[in-house]
Amino acid sequence: MNAATTTIPVIAIDGPSASGKGTIAQAVAKNLGFHYLDSGSLYRLVALAAAKQATRLDDEAALARHARELQVIFDGGEIFLSGQKVTDAIRSEDCGIGASRVAALPAVRRALLARQQAFRQAPGLVAEGRDMGTVVFPDAMLKVFLTASAEVRAERRHKQLKEKGIDANMRTLLRELHERDQRDSARSAAPLQMAVDARELDSSGLGIDEIVRQVLDWYRQTAARVAGSER
Ligand code: DC
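Numbering (the numbering used here), first residue to last: 1277 to 1507.
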């Protein structure tokens, strides 16, 4: 990162699986005309590359190599890995579980750091994941920690899967969410935790528009304060 890019505003949105980060981050980015980073997709891509090349999910050096060498193109809403469209493939539960495992490996996280920071382009970036506010963009202008109860998150995941024609069992989904949260929070490398300067937003009883409005209000207040202190 060079000195010039550090003035580009970043909104970091972190939180557990299925807390609505993707939907909210994309809507906020669209409203402000900012770029958007779905950092989880990078961990999912590493898991997919590993599956394609039969790399074991505990081979840290080989996984870090996949992370460094990923040939990825983000094109609108589509994602291409080595020229192949993988937009839907990386959303599978298997890829999610694989992503959570490779994400626990420090060498993989290091290999993806600069790639994520490169998304910081004018006029601004909305970045979502687990460590956007703590590790990747510690100087983000606004940090939001988006939560929702496990039950609400399981229901959202259930609905998403149903829309894709996948029949899932609520009890199994709830157990998998707990296991994923546990793995993402308990790991020693960049665990899922709220940044000390983040604002917590519980989305359980709120609609998408209300959450987006809240994030935009916080951003505008913060941006006005920063502009005021620079005058
Ligand atoms: O947000 P997601 O479900 O697409 O993320 C997939 C996995 O990647 C998730 O289990 C945790 C990991 N991840 C991470 O460790 N750090 C990030 N910034 C984003 C995702």
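C-beta atoms are modelled at their ideal positions from N, C-alpha and C, and glycine is treated no differently.
Given the structure is predicted, the values throughout are model-derived calculations rather than measurements.
Between residue i and residue j, how many whole angstroms is the CB-CB distance? I'm expecting something under 8 Å.
| i | j | result |
| --- | --- | --- |
| phenylalanine 1413 | alanine 1288 | 5 Å |
| alanine 1380 | arginine 1459 | 7 Å |
| leucine 1357 | leucine 1321 | 6 Å |
| alanine 1326 | valine 1378 | 7 Å |
| valine 1384 | alanine 1340 | 5 Å |
| serine 1295 | serine 1479 | 6 Å |
Please work out which residues of its chain come closer than 8 Å, Cβ to Cβ, to residue i, disregarding the five sequence neighbours upstream and downstream, and give them in chain order.
| i | result |
| --- | --- |
| aspartate 1290 | Lys1297, Glu1404, Gly1405, Arg1406, Asp1407, Met1408, Gly1409, Thr1410, Lys1419, Val1420, Phe1421, Leu1422, Leu1468, Met1470, Ala1471 and Ala1474 |
| glycine 1477 | For clarity, residue 1477 is leucine in the given sequence; the question names glycine instead. Only Val1420, Phe1421, Leu1422, Thr1423, Ile1487, Gln1490 and Val1491 meet the Cβ criterion. |
| threonine 1498 | Met1417 and Leu1418 |
| threonine 1299 | Ile1484 |
| isoleucine 1355 | Ser1317, Leu1321, Val1348, Ile1349, Lys1361, Val1362, Thr1363 and Ile1366 |
| tryptophan 1494 | Leu1418, Val1420 and Arg1475 |
| lysine 1328 | none |
| alanine 1279 | With a pLDDT of 47 at alanine 1279, under the threshold of 50, the modelled position of this residue cannot be trusted, and the question is left open. |
| isoleucine 1284 | Arg1396, Gln1397, Ala1398, Pro1399, Gly1400 and Leu1401 |
Give every residue of the same chain whose Cβ lies closer than 7 Å to the Cβ of residue i, excluding the five residues on either side of it in the sequence, and list them in chain order.
| i | result |
| --- | --- |
| valine 1402 | Ile1287, Ile1289, Ala1301, Val1304, Ala1305, Phe1310 and Tyr1312 |
| arginine 1391 | Leu1318 |
| serine 1293 | Arg1429, Leu1453, Arg1456 and Asp1457 |
| threonine 1282 | Asp1415 |
| alanine 1444 | His1434 and Leu1437 |
| histidine 1342 | Val1322, Ala1325, Ala1326 and Thr1331 |
In chain order, what residues of the same chain lie with their CB nearer than 6 Å to the CB of residue i, ignoring the 5 residues before and after it?
| i | result |
| --- | --- |
| cysteine 1371 | Arg1320, Ala1323 and Leu1324 |
| glutamine 1397 | His1311 |
| proline 1382 | Ala1465 |
| isoleucine 1373 | none |
Checklist entry - Do the stretch 1438 to 1450 and the stretch 1336 to 1348 meet, that is, are 3 or more Cβ pairs less than 8 Å apart? => result Contact fails: fewer than three Cβ-Cβ distances are below 8 Å.
Checklist entry - Does the stretch 1360 to 1368 come close enough to the stretch 1330 to 1346 that 3 or more CB-CB pairs lie under 8 Å? => result Short answer: they don't touch.
Checklist entry - Residue ranges of each beta strand (DSSP E) run of no fewer than 3 residues wholly in the stretch 1308 to 1339, ordered along the chain? => result The stretch 1308 to 1339 contains these whole beta strand (DSSP E) runs: 1311 to 1314.
Checklist entry - Hey, which unbroken runs of the alpha helix (DSSP H) at 4 residues or more fall wholly within the stretch 1338 to 1417? => result Taken in chain order, the whole alpha helix (DSSP H) runs of length 4 or more contained in the stretch 1338 to 1417 are 1369 to 1378 and 1382 to 1393.
Next on the checklist: Quick check for students: name the residue ranges of the alpha helix (DSSP H) that lie wholly in the stretch 1408 to 1483, counting only runs of 4 or more.
Outcome noted: Counting only runs of 4 or more, we get 1426 to 1439 and 1446 to 1462.
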